[in-house]
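Under the working numbering, residues 2 to 381 are what the sequence shown spells out, in order.
Here a beta-carbon is modelled for each residue, glycine too, at the ideal position from N, C-alpha and C.
Shown next, in structure tokens, is the structure this report addresses.
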Amino acid sequence: MSQRPKTILLVSASIGAGHTQAARAIQAAWNSTFPGDTVIIVDFMDEQNSYLNYMIKETYLKMIEVTPFLYDVLYHLSQGLRPASRRQNLFSWFLKKTMQNILATYQPDIVICTHPFPCAAMAYLKRHHRVTAPLAGIITDFTVHSTWIYSEVDLYAVAAEELKDDLLSYKIPSNHVAVTGIPIRPPIAPETKVDFRELGLQHADNPVVLVMGGSLGIGPLQEVVLALDSISAPLQIVAVTGKNPELARELNRSIKSLRHSVTVLGYTPLVRELMHVASLLITKPGALTLSEAMAAGLPMLFYESFPGQETDNASFLIARGVADWFRPEQPEAIVRLLTDSVEREQIQRAICRIAQPDSAKAAVRAIAAQLLTANQASGM
2 MSQRPKTILL VSASIGAGHT QAARAIQAAW NSTFPGDTVI IVDFMDEQNS
52 YLNYMIKETY LKMIEVTPFL YDVLYHLSQG LRPASRRQNL FSWFLKKTMQ
102 NILATYQPDI VICTHPFPCA AMAYLKRHHR VTAPLAGIIT DFTVHSTWIY
152 SEVDLYAVAA EELKDDLLSY KIPSNHVAVT GIPIRPPIAP ETKVDFRELG
202 LQHADNPVVL VMGGSLGIGP LQEVVLALDS ISAPLQIVAV TGKNPELARE
252 LNRSIKSLRH SVTVLGYTPL VRELMHVASL LITKPGALTL SEAMAAGLPM
302 LFYESFPGQE TDNASFLIAR GVADWFRPEQ PEAIVRLLTD SVEREQIQRA
352 ICRIAQPDSA KAAVRAIAAQ LLTANQASGM
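Take a look at the structure:
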């Protein structure tokens, strides 16, 4: 393998936080594995790269907030598109200019996409012989949407064997798919002691129920907290409201009269630490959050999901005994999850069958083994 330092370009999309978090996890793992290389993350949807892409992102976020049913319709309609269909090619052509500009700026040796939009653009350029750099696609959900499917992708990294089977059904060669898990930061080691007070917690002895609304702080967190407060068993609640200060204010107003201790946090870098001390996570089923929770061995309940891929994520994990739906009218089920060692052990076994705590390094190893070799063979 050539010793020349490589430039690795990670192209993400700031539609939610998960795609960028996956890119950062790969960046950290690549830097530790190949410290001489330059690893760059670019936001494909950033206004500086493309105002049109930025407006697509803003429209998407508003649609999720105001008319989620419309997003669900569009998600399933686009799922029905055949790979390499005229509509898919038109979509790729529409995005190609942004990718051309990014490639001209950074001149990468390898391109790694953590969102299907830049993957589509890069695949188009490879198909029309505009670029030769190897392309990896990191699928950041527990489902495969057809907008990811391009024969020009040299390697896919996926969350589970079932997703590899899905890609094979699209005629993707088996040696172009690696089951690595969704790239995440490594979890905190089980024996690590975390200071409860640094996390804003008051009672080291009471089980911690972690309630999260994703990076955007979306969902009925207030209703979840009130339902948890109806439980008489001892517990303490941490509600993470993400980038939603209005939700944080509402929660802080409502918790003053509650029986249980409730800590309200906004967007926080301490999610791994919170998962480390928590006994239960109640969240919407965003795939990066779920992957981090499984790496921490944390049982989960889902209070609701966005339409589209998050519904698929929930279905995938519930079917495998890893999680269930949050039912506020059944507080006894929550108490069992907190206290029943047999039920918790059963869930832990299910989690172990899917969890990939070393996923970022696994993805880096797979990409390096296949694409750096291909890069060298091409004389780049």
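| Check | Outcome |
| --- | --- |
| Can you name, in chain order, every residue of its own chain whose Cβ lies under 6 Å from the Cβ of residue 228, other than the five neighbours on each side? | 329 |
| Assuming the contact rule is C-beta atoms closer than 8 Å, residue 283 and residue 225 should be a hit. Round their C-beta distance to whole Å, please. | 6 Å |
| Is it true that the CB of residue 64 sits closer than 8 Å to the CB of residue 57? | no |
| When you compare the CB positions of residue 365 and residue 149, do they come within less than 8 Å of one another, or not? | no |
| Classify residue 45 as helix, strand or coil using the three-state DSSP reduction. | coil |
| Relative to the alpha-carbon of residue 187, which residue among 254, 200, 292 and 260 has its alpha-carbon at the smallest distance? | 292 |
| Roughly how many angstroms lie between the CA atoms of residue 19 and residue 141, to the nearest whole one? | 7 Å |
| To the nearest angstrom, how far is the alpha carbon of residue 70 from that of residue 307? | 9 Å |
| From which residue to which residue does the alpha helix (DSSP H) around residue 343 run? | 342 to 355 |
| From what residue to what residue does the beta strand (DSSP E) around residue 264 run? | 262 to 266 |
| Please report the residue range of the beta strand (DSSP E) in which residue 10 lies. | 8 to 13 |
| Between which two residues does the beta strand (DSSP E) carrying residue 158 extend? | 156 to 159 |
| Which class does residue 39 belong to by DSSP, given the choice of helix, strand or coil? | strand |
| When you compare each of 219, 304 and 232 to residue 243 by their alpha carbons, which one comes out closest? | 219 |
| Measure the C-alpha to C-alpha separation of residue 177 and residue 155 and round it to an integer number of angstroms. | 6 Å |
| Can you tell me whether residue 108 is helix, strand or coil according to DSSP? | coil |
| Based on DSSP bridge pairs, tell me the residues matched to residue 283. | 212 and 302 |
| Check residue 331 in the structure and name its three-state DSSP category. | coil |
| Between residue 147 and residue 250, what straight-line distance do the alpha-carbon atoms span, to the nearest angstrom? | 40 Å |
| For residue 1, which option in 211, 256 and 313 has the closest C-alpha, if you only look at C-alpha atoms? | Residue 1 lies beyond the stretch modelled for the chain, which goes from 2 to 381, so this question has no answer here. |
| What are the boundary residues of the alpha helix (DSSP H) that residue 166 is part of? | 162 to 170 |
| Could you name the residues of the same chain whose beta carbon sits closer than 6 Å to that of residue 213, not counting the 5 residues immediately before and after it, in chain order? | 241 and 284 |
| Excluding the 5 residues flanking residue 5 on each side, which residues of the same chain have their C-beta closer than 6 Å to its C-beta? | none |
| Which two residues bound the contiguous beta strand (DSSP E) that contains residue 326? | 324 to 326 |
| DSSP state of residue 237, grouped into three classes? | strand |
| Name, in chain order, the residues that DSSP records as bridge partners for residue 120. | The partner list for residue 120 (beta bridge, DSSP) is empty, contrary to what the question assumes. |
| Could you pull the start and end residues of the beta strand (DSSP E) that residue 139 belongs to? | 136 to 139 |
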